[in-house]
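Colleague:
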Amino acid sequence: MFLAVEKYGGTSVGSVERINAVADRIATARQRGESLVVVVSAMAGETNRLLDLATKVDPDALAREMDVLVSTGEQVTIALLSMALHKRGIDARSYTGGQVRILTDSIHGKARIRDIDAARVRTDLELNRVVVVAGFQGVDDDGNITTLGRGGSDTTAVAMAAALEADECRIFTDVDGVYTADPRIVPEARRLDQITVEEMLELASQGAKVLQTRSVEFAGKYHVPLRVLSSFEDGPGTLITHEASDMEQPLISGIAYNRDEAKVTIRGVPDQPGAASRIFGPISKAHLNIDMIIQNVAQDGTTDVTFTVNRDEYPEAMSLLNKTAKELNARDVVGDDTLAKIAIVGVGMRSHSGVAAMMFETLAAEGINIELISTSEIKISVGVNDKYLELAVRALHKAFGLDGEGTEEQLAEAKDS
Ligand code: ADP
Ligand code: ASP
Ligand code: MG
Numbered sequence: 014m015f016l017a018v019e020k021y022g023g024t025s026v027g028s029v030e031r032i033n034a035v036a037d038r039i040a041t042a043r044q045r046g047e048s049l050v051v052v053v054s055a056m057a058g059e060t061n062r063l064l065d066l067a068t069k070v071d072p073d074a075l076a077r078e079m080d081v082l083v084s085t086g087e088q089v090t091i092a093l094l095s096m097a098l099h100k101r102g103i104d105a106r107s108y109t110g111g112q113v114r115i116l117t118d119s120i121h122g123k124a125r126i127r128d129i130d131a132a133r134v135r136t137d138l139e140l141n142r143v144v145v146v147a148g149f150q151g152v153d154d155d156g157n158i159t160t161l162g163r164g165g166s167d168t169t170a171v172a173m174a175a176a177l178e179a180d181e182c183r184i185f186t187d188v189d190g191v192y193t194a195d196p197r198i199v200p201e202a203r204r205l206d207q208i209t210v211e212e213m214l215e216l217a218s219q220g221a222k223v224l225q226t227r228s229v230e231f232a233g234k235y236h237v238p239l240r241v242l243s244s245f246e247d248g249p250g251t252l253i254t255h256e257a258s259d260m261e262q263p264l265i266s267g268i269a270y271n272r273d274e275a276k277v278t279i280r281g282v283p284d285q286p287g288a289a290s291r292i293f294g295p296i297s298k299a300h301l302n303i304d305m306i307i308q309n310v311a312q313d314g315t316t317d318v319t320f321t322v323n324r325d326e327y328p329e330a331m332s333l334l335n336k337t338a339k340e341l342n343a344r345d346v347v348g349d350d351t352l353a354k355i356a357i358v359g360v361g362m363r364s365h366s367g368v369a370a371m372m373f374e375t376l377a378a379e380g381i382n383i384e385l386i387s388t389s390e391i392k393i394s395v396g397v398n399d400k401y402l403e404l405a406v407r408a409l410h411k412a413f414g415l416d417g418e419g420t421e422e423q424l425a426e427a428k429d430s
């Protein structure tokens with residue numbers, strides 16, 4: 014039988030009406046003869062509400078208790094959706110992450126899935142039940158509840174699909190697919206019919222929150238057939254493909270941004286072997302996610318090292334770095350937590366060299382100062398002050414012809430160079 018894993022995000026289950034609409038959708042899929050595992054998020058706003066409550070009690074609450082708290086949001090949704098399915102005469106069973114043995118490491122708040130014991134789910138599917146699973150959560154070896162980081166329900170769904178070798182994983186959300194840029198800030202953005210998994214991985218890791226990065230990693234590693242669709246209207250959505258199509262690829266497939274970045278710099282570090290490892294060791298031990306590392310050419314025997322972190326990890330990064338600076342006898346530590354990151358992504362840039370220059374020209378023409386640059390084979394990412402974010406994304410979207418009009422000449426020029 015055709016097995017689909019469907020995931021419904023917060024807005025898609027944001028009210029009783031929406032939960033009923035999802036139940037109708039599931040009923041229709043059942044009528045098509047599909048077997049279904051459904052992963053759901055907390056109702057819209059609920060995770061933030063829970064986080065706020067915790068902050069009011071103790072801003073430094075233990076991560077373990079935070080996970081016990083925020084995982085409750087998803088538990089509400091699985092119960093309500095199962096009830097809505099029962100009311101439609103559909104046999105359904107709801108399970109928390111721990112109950113379906115989604116085993117993770119113990120890094121509370123951003124745990125990684127290690128293993129899923131799919132036996133229980135398989136038994137229910139054989140009994141023709143719809144299995145409803147709470148997204149975003151798992152348990153560690155000691156049975157502690159863990160959560161997978163914001164947007165983690167996507168990862169639950171794709172990991173479930175991989176473990177069950179599902180025929181398709183459908184991520185239902187509030188947009189009808191993956192767009193050339195976040196349609197919330199670029200009204201001209203267009204839906205992509207398909208995108209390669211490697212491009213999607215770059216877009217997600219650079220901030221396009223339509224899919225959590227880890228979910229795309231899973232899809233790539235286990236070749237999960239993955240599609241992003243709207244839960245509000247029917248349509249083809251966007252297929253995440255595992256091979257680039259034969260058609261000529263556009264230079265740029267999409268633009269991603271992340272508003273919540275910060276940069277820290279340790280200055281005057283004695284330039285000797287081991288300095289970088291002394292700087293990044295403690296950062297990695299604290300599980301801080303860093304990106305964009307820049308080390309200046311040494312002058313007078315000292316050098317500066319800059320890197321970016323998520324804004325909510327900025328205070329911790331600063332304090333760790335201050336400690337390291339003392340140990341290394343570095344001059345000082347400076348930081349800025351008003352950074353935004355913008356990335357252009359496309360497999361088409363592999364074979365063209367003019368893309369970076371065109372990106373920098375476009376930003377220069379808008380008077381936007383670039384603070385950091387980092388590149389990979391299919392991505393160019395810049396750090397700019399966050400006040401320029403919208404302007405930069407819209408200008409780049411237009412310059413690279415993503416609105417679908419106008420800039421043929423520029424593109425041809427970039428392609429020739
Ligand atoms: P859900 O609650 O369903 O998981 P999210 O809010 O996590 O939904 O993700 C969907 C949102 O992702 C969209 O509303 C959109 O604003 C944002 N988004 C960012 N970049 C993109 C993009 N390239 N394509 C589509 N949506 C994007
Ligand atoms: N409810 C969690 C969040 O808001 C997980 C998810 O929605 O994917 O981040
Ligand atoms: Mg999401």
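Counted the way my numbering counts, the sequence shown spans residues 14 to 430. Even for Gly, the Cβ is constructed at its ideal location relative to N, Cα and C. Since we're looking at a predicted model, the values are computed, not measured.
1. Can we say the segment 169 to 178 touches the segment 189 to 203, given the rule of at least three CB pairs closer than 8 Å?
2. In whole angstroms, what is the alpha-carbon distance linking T68 and L82?
3. Between the C-alpha atoms of V368 and M362, what's the straight-line distance to the nearest angstrom?
4. Going by the C-beta, is D189 closer than 7 Å to any heavy atom of ligand 3?
5. Can you tell me whether K123 sits near ligand 1, meaning its C-beta is under 7 Å from at least one heavy atom of the ligand?
6. Measuring from the CB of D195, is there a heavy atom of ligand 1 at a distance below 7 Å?
7. Under three-state DSSP, which class holds K276?
8. Is S84 closer than 8 Å to F149 when the C-beta atoms are compared?
9. Starting from the Cα of V144, find the closest Cα among G110, I158, I357 and give me that residue.
10. For the alpha helix (DSSP H) containing Y235, list its first residue and its last residue.
11. Would the beta-carbon of L116 fall within 8 Å of that of R127?
12. Straight-line CA distance for V53 to G220?
13. Mapping the DSSP letters down to three states, classify L376 as helix, strand or coil.
14. Put L140 into one of helix, strand or coil per three-state DSSP.
15. Am I right that G267 and A370 are in contact with their C-beta atoms under 8 Å? What's the rounded C-beta distance?
16. Quick check: the Cα distance between T420 and A353, rounded to an integer number of angstroms?
17. Tell me where the beta strand (DSSP E) around Y21 begins and ends.
18. Between R344, R38, T168, P328, which lies nearest to A275 when the distance is taken from Cα to Cα?
19. Given a threshold of 16 other Cβ atoms within 10 Å of its Cβ, counted over all protein chains shown, does M56 qualify as buried or as exposed?
20. Beta-carbon separation of L239 and A232 under 8 Å?
21. Beta-carbon within less than 8 Å of L214's beta-carbon, same chain only, minus the 5 sequence neighbours each way: which residues are those?
22. So, helix, strand or coil for M173, using DSSP?
23. Who does A132 pair with in a DSSP beta bridge?
24. Report the three-state DSSP secondary structure of S25 (helix, strand or coil).
25. Once DSSP output is grouped into helix, strand and coil, what is the label at E421?
26. Once you ignore the five residues that flank S95 on each side, which residues in its own chain have a CB closer than 6 Å to its CB?
27. So S119 is in the alpha helix (DSSP H); what residue range does that whole segment cover?
28. Closest to I91 by CA distance: which of V223, G27, I198, V282 is it?
29. Who pairs with I158 in a beta bridge, going by DSSP?
30. By Cβ distance below 7 Å, which residues in the same chain neighbour I391 in space, the five residues on each side in sequence not counted?
31. Of all the beta strand (DSSP E) runs that stay within the bounds of the segment 179 to 224, which reach a length of 3 or more residues?
32. Helix, strand or coil for P328 per DSSP?
33. For G162 and M79, I'd like the C-alpha separation in whole angstroms.
34. Quick check on the DSSP output: the alpha helix (DSSP H) that includes K69 runs from which residue to which?
35. Compute the beta-carbon to beta-carbon distance between I381 and Y401, rounded to the nearest angstrom, for a pair I have assumed lies under 8 Å.
36. Does ligand 2 have even one heavy atom less than 7 Å from the beta-carbon of A67?
Modeller: Reading it off the structure:
1. no
2. 12 Å
3. 7 Å
4. no
5. no
6. yes
7. strand
8. yes
9. G110
10. 226 to 235
11. yes
12. 21 Å
13. helix
14. coil
15. 20 Å between Cβ atoms; not a contact.
16. Low confidence applies here, because T420 scores a pLDDT of 49, under 50, leaving its location unreliable and the question unanswered by this model.
17. 16 to 21
18. P328
19. buried
20. yes
21. T226, V229, E230, G233
22. helix
23. Note: A132 sits in no beta bridge, so no partner.
24. helix
25. Because the pLDDT at E421 is just 47, under 50, the model does not fix this residue reliably, and the value given afterwards should be weighed accordingly. In the structure shown, E421 sits in a helix (DSSP, three-state: H, G or I).
26. A105, S107, V145
27. From DSSP, S119 is part of no alpha helix (DSSP H); its letter is neither H nor E.
28. G27
29. V152
30. E211, E212, E215, V358, G359, V360, M362, R363
31. 181 to 186, 207 to 209
32. helix
33. 12 Å
34. 59 to 70
35. 5 Å
36. no
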